[in-house]
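Please read the structure below before turning to the comments.
Protein chains in written order, with the working numbering: chain A, 8 to 166; chain B, 8 to 166.
Have a look at this one:
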């Protein structure tokens with residue numbers, strides 16, 4: 008038999024640089040649960056939902072559960088300054104509408120997602136899956152998830 | 008003369024693991040400009056300031072420019088839902104007040120700051136310097152700064 012040269016099982020975990028580890032980090036492993044509302048929900052109810060679920064961004068879907076828009080804490084604050092009657096304004100009037108929504112897929116790297124967030128100056132992206140007639144919302148990834156991932160890099164290395 | 012053993016200048020940058028690099032990352036190198044308001048500013052004007060400066064958090068100071076509180080987009084949204092007369096409510100009524108404010112110093116590591124943010128579930132910290140009678144606000148560090156730092160780890164390594 009040919010002598011086995013090269014790698015042997017040492018009983019230790021393989022040494023891997025943090026940089027290599029980062030490239031392997033995919034969105035699927037660092038995601039949060041998405042909070043989804045329908046287009047005709049009022050701005051008032053959207054704000055309640057935001058506080059109830061304690062998130063910074065709500066994803067808006069149509070009757071077929073396909074992504075039509077995104078509404079952020081900032082959008083909701085802008086709409087609510089010094090105004091009453093928020094229960095009469097449907098959320099689709101103030102949301103950022105498709106195709107202007109930045110999204111990602113669960114197999115995307117965390118690095119590409121972090122880049123998207125920095126480039127578009129947003130704090131949260133919907134994680135979607137393509138369907139025949141649009142995009143279904145499967146998850147949510149935020150700068151909080153990125154911060155947690157950043158911390159996990161050090162914890163994994165016991166620095 | 009004694010022969011020089013050990014390290015020689017190779018003309019290359021020293022090879023350093025990303026994990027080592029992370030421990031060296033201090034807040035001073037990843038901070039943003041703080042946006043500061045006074046305690047008697049109205050909630051209405053605070054919201055305007057928030058949009059004007061495009062930040063998520065405002066730091067509140069007293070007459071001596073010392074930190075007395077913090078007010079976030081979330082606090083401002085909670086106060087403004089379905090209400091008028093926001094110009095009559097001073098911001099000190101709704102802010103998170105010292106000593107309940109989480110802060111950091113410019114020589115703190117980015118890792119310790121990321122941990123603080125995750126533990127206290129906040130997106131932004133004031134960077135302060137101790138004065139005789141309190142804390143002066145010198146900067147701001149946010150999850151956006153952490154996300155930028157996360158990206159810089161990969162860019163430095165050309166992965």
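Note that the Cβ used here is the ideal one computed from N, Cα and C, for glycine as well.
Quick caveat, the model's predicted, so the values are computed rather than measured.
Cβ neighbours of residue 53/A within its own chain (closer than 7 Å, five residues either side excluded): 44, 65, 78, 83 and 98. Ranked by Cα distance from residue 100/A, the first of 136/A, 38/A and 86/A is 86/A.
Secondary structure of residue 104/A (DSSP, three-state): strand.
Nearest neighbour of residue 148/B by Cα position, chosen from 141/B, 142/B, 105/B and 117/B, turns out to be 117/B. For residue 118/A, the secondary structure class from DSSP, reduced to helix, strand or coil, is helix. Restricting attention to 37/B, 30/B, 28/B and 41/B, the CA atom closest to the CA of residue 135/B is found in 41/B. Sorting 72/A, 126/A and 121/A by C-alpha distance to the C-alpha of residue 145/A places 72/A at the top. In this structure, 88/A is the residue among 88/A, 94/A and 34/A with its C-alpha nearest to the C-alpha of residue 57/B.
At least 8 Å separates the beta-carbon of residue 102/B from that of residue 74/B.
Under the Cβ distance rule, residue 37/A does not count among the residues neighbouring chain B, no pair being separated by less than 8 Å.
Within chain A, no C-beta atom comes nearer than 7 Å to that of residue 141/B; the closest sits roughly 28 Å away. Here residue 129/A carries a coil assignment [DSSP, helix/strand/coil].
In terms of Cβ geometry, residue 121/B and residue 160/A do not form a close pair [threshold 8 Å]. For the pair residue 93/A and residue 62/A, the CB atoms are not nearer than the 8 Å cut-off. Contact annotation for residue 76/A against chain B: no contact, minimum CB-CB distance about 19 Å [criterion: below 9 Å]. Per DSSP, residue 147/A is one residue of the beta strand (DSSP E) stretching across 141-149. Along the region 67-103 of chain B, the beta strand (DSSP E) occurs as fully enclosed runs of 3 or more residues at 74-79, listed in sequence order. Listed by position along chain B, the residues whose Cβ is nearer than 8 Å to that of residue 102/A form an empty set, because the closest Cβ is around 16 Å away. The Cβ-Cβ distance between residue 154/B and residue 153/A falls below 8 Å. Taking all protein chains in view, the Cβ of residue 91/A is surrounded by fewer than 16 other Cβ atoms within 10 Å, so the residue is classified as exposed.
Nearest to residue 125/A by C-alpha distance, out of 140/A, 46/A and 109/A, is 109/A. Under the 8 Å criterion on CB atoms, residue 109/A is classed as non-interfacial with respect to chain B. Burial state of residue 142/B is buried, judged by a 10 Å Cβ sphere holding 16 or more other Cβ atoms.
The DSSP-derived three-state label of residue 46/A is coil. Taking the CA atoms as reference points, residue 70/A sits about 43 Å from residue 133/B.
Rounded to whole angstroms, the separation of the alpha carbons of residue 38/A and residue 32/B is 25 Å. Within a 10 Å sphere around the beta-carbon of residue 55/A sit fewer than 16 other beta-carbons, which makes this residue exposed.
The shortest CA-to-CA distance from residue 127/A to any of 111/A, 137/A and 36/A is the one to 111/A.
Assignment of residue 64/B by DSSP, reduced to helix, strand and coil, places it in the strand class. Taking all protein chains shown into account, residue 27/B has fewer than 16 neighbouring C-beta atoms within 10 Å of its C-beta and is therefore exposed. In the structure shown, residue 56/B adopts helical secondary structure according to DSSP, grouped into three states. Residue pairing for residue 134/B: DSSP places it in a beta bridge opposite 111/B and 146/B.
Taking a Cβ-Cβ threshold of 8 Å, the residues of chain A close to residue 161/B are 26, 29, 30 and 118, in chain order.
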